[in-house]
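Just so you know, we're using full-length UniProt numbering here: the sequence shown kicks off at 1 and counts up by one.
The structure appears below as structure tokens.
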Amino acid sequence: MTLSMAAPAVSRLAETAGALAAAPDEWVARVRLSPEGRWYERLHRDEDHEIWLISWLPGQATGLHDHGGSRGAFAVALGDLEERDLASTRRLTTGQTRSFGPEYVHEVRNVSNAPAVSVHVYSPPLSVMNRYDLNESGLVRLAVEEAGQW
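Shown next as structure tokens:
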């Protein structure tokens with residue numbers, strides 16, 4: 001699935017994630033489950049955006065992170081996931097999509113008893129992600145990860 005535009009709006013990113021999530025014939029054979037951590041594979045990358053497929057076993061989570069200035073969206077393709085941002089927590093089920101702007105900090109996790117799969121779209125393609133902790137003083141950056149680290 002491709003997207004052709006200079007700076008796609010988050011609504012277009014969400015449409016792309018949702019359409020691919022709803023087309024399991026395009027990705028289900030690629031999915032792997034890993035007890036060591038979330039499994040992920042980049043499905044597409046060009047100068048405008050990239051698309052990732054991620055599988056989640058129960059208990060697997062991202063930790064609090066941002067997307068280094070990229071806009072993004074993700075869709076739950078199979079199962080249930082929970083998303084927590086700095087203001088709220090929400091449960092997302094198969095077919096639901098979330099989108100976000102460049103300054104968004106969140107955590108995604110599988111709190112269910114079954115595997116889950118999600119499709120993620122970022123624009124521009126990820127070059128850096130910041131990892132955070134949230135304590136009584138507020139948001140604390142723990143690490144910066146560059147694209148070659150994932």
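Ideal Cβ placement from N, Cα and C applies to all residues, glycine included.
Buried versus exposed call for residue i [16 or more other C-beta atoms within 10 Å across all chains shown]
i: Ala14; result: buried
i: Ala21; result: buried
i: Pro60; result: The question names Pro, but residue 60 is Gln in the sequence shown. Per the 10 Å Cβ criterion, buried.
i: Gly69; result: exposed
i: Asp66; result: buried
i: Gly79; result: buried
i: Val28; result: exposed
Residue i: CB within 8 Å of a non-hydrogen atom of the ligand MN
i: Asp80; result: This structure simply doesn't include the ligand MN, nor any ligand for that matter.
Enclosing beta strand (DSSP E) for residue i [first to last residue]
i: Arg12; result: Looking at the DSSP string, Arg12 is not in any beta strand (DSSP E); the run it does join, the alpha helix (DSSP H), is 10-21.
i: Arg42; result: 39-45
i: His141; result: Strictly speaking, residue 141 in this sequence is Arg, with His absent from that position. Counting along the chain, the beta strand (DSSP E) containing Arg141 begins and ends at 138-146.
i: Val76; result: 71-78
i: Glu36; result: Counting along the chain, Glu36 falls outside any beta strand (DSSP E), and DSSP gives it neither H nor E.
Within-9 Å CB hit, residue i to chain D
i: Leu57; result: Of the protein chains in this structure there is only one, and it is not chain D.
Sheet register partners of residue i (DSSP bridge)
i: His65; result: His106, Arg131
i: Glu26; result: DSSP, once it has assigned bridges, lists no residue as partnering Glu26.
i: Leu53; result: Glu41, Val119
i: Leu126; result: None; Leu126 has no bridge partner.
Jot down the residue ranges of each uninterrupted beta strand (DSSP E) in the region 85-122, minimum 3 residues, whole runs only, in chain order. 89-93, 97-100, 106-109
Are there three or more Cβ pairs, one per stretch, closer than 8 Å when the region 131-141 is compared with the region 87-98? no
Any chance the region 123-131 sits against the region 22-41, with 3 or more Cβ pairs inside 8 Å? no
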